[in-house]
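Residue numbers (the numbering used here): 61 to 200. Note that CB positions come from ideal geometry on N, CA and C, so glycine has one too.
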């Protein structure tokens with residue numbers, strides 16, 4: 061079957077902004093260009109507004125309809141590239157996902173959903189360690 065693979069290369073959770081930034085190596089094994097549209101973890105959905113132009117039917121408290129951002133350039137068929145994904149929303153606290161900042165062994169996991177022009181959706185699982193950051197501002 062044609063799939064997308066994703067390998068988490070690193071990440072930072074910025075506590076003040078409730079923002080998870082991860083670098084993920086993506087390989088598109090499908091025959092169509094793909095855009096990242098969604099990250100889902102613990103029942104929460106973080107959507108990329110570049111892909112979701114209308115809000116899906118889903119409980120508001122579990123849906124961050126502008127919660128995901130990344131490079132809008134599609135990943136071409138057969139292409140492998142590392143992309144940076146930002147997931148930011150107050151809903152991190154609703155499901156206590158922000159507790160990962162206070163764990164000595166902070167881990168993150170979830171599903172990335174990619175979409176092609178055909179309308180097909182492709183899922184790729186990611187997981188691994190992230191570094192909590194307690195001060196505002198960009199990483200050096």
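Paired residues, beta bridge with residue i - DSSP
| i | result |
| --- | --- |
| residue 82 | 71 and 145 |
| residue 195 | Residue 195 is not bridged to any residue. |
| residue 95 | 175 |
| residue 170 | 186 |
Proximal residues to residue i (C-beta, below 6 Å), its chain only, five neighbours per side dropped
| i | result |
| --- | --- |
| residue 124 | 106, 149 and 151 |
| residue 169 | 187 |
| residue 74 | 193 |
Whole-number beta carbon distance between residue j and residue i, since they are thought to touch under 8 Å
| i | j | result |
| --- | --- | --- |
| residue 145 | residue 182 | With 8 Å as the limit, residue 145 and residue 182 do not qualify as a contact, their Cβ atoms being about 15 Å apart. |
| residue 95 | residue 175 | 6 Å |
| residue 82 | residue 97 | Residue 82 to residue 97, Cβ: 16 Å. No contact. |
| residue 84 | residue 143 | 6 Å |
Host beta strand (DSSP E) of residue i (start-end)
| i | result |
| --- | --- |
| residue 187 | 181-189 |
| residue 130 | 128-130 |
| residue 106 | 104-107 |
Assess contact between the segment 188-195 and the segment 100-118, defined as three or more Cβ pairs (one per stretch) separated by less than 8 Å. Is contact present?
no
Take every Cβ of the segment 137-144, pair it with every Cβ of the segment 88-100, and state whether three or more of those distances are shorter than 8 Å.
Yes, the segment 137-144 is in contact with the segment 88-100.
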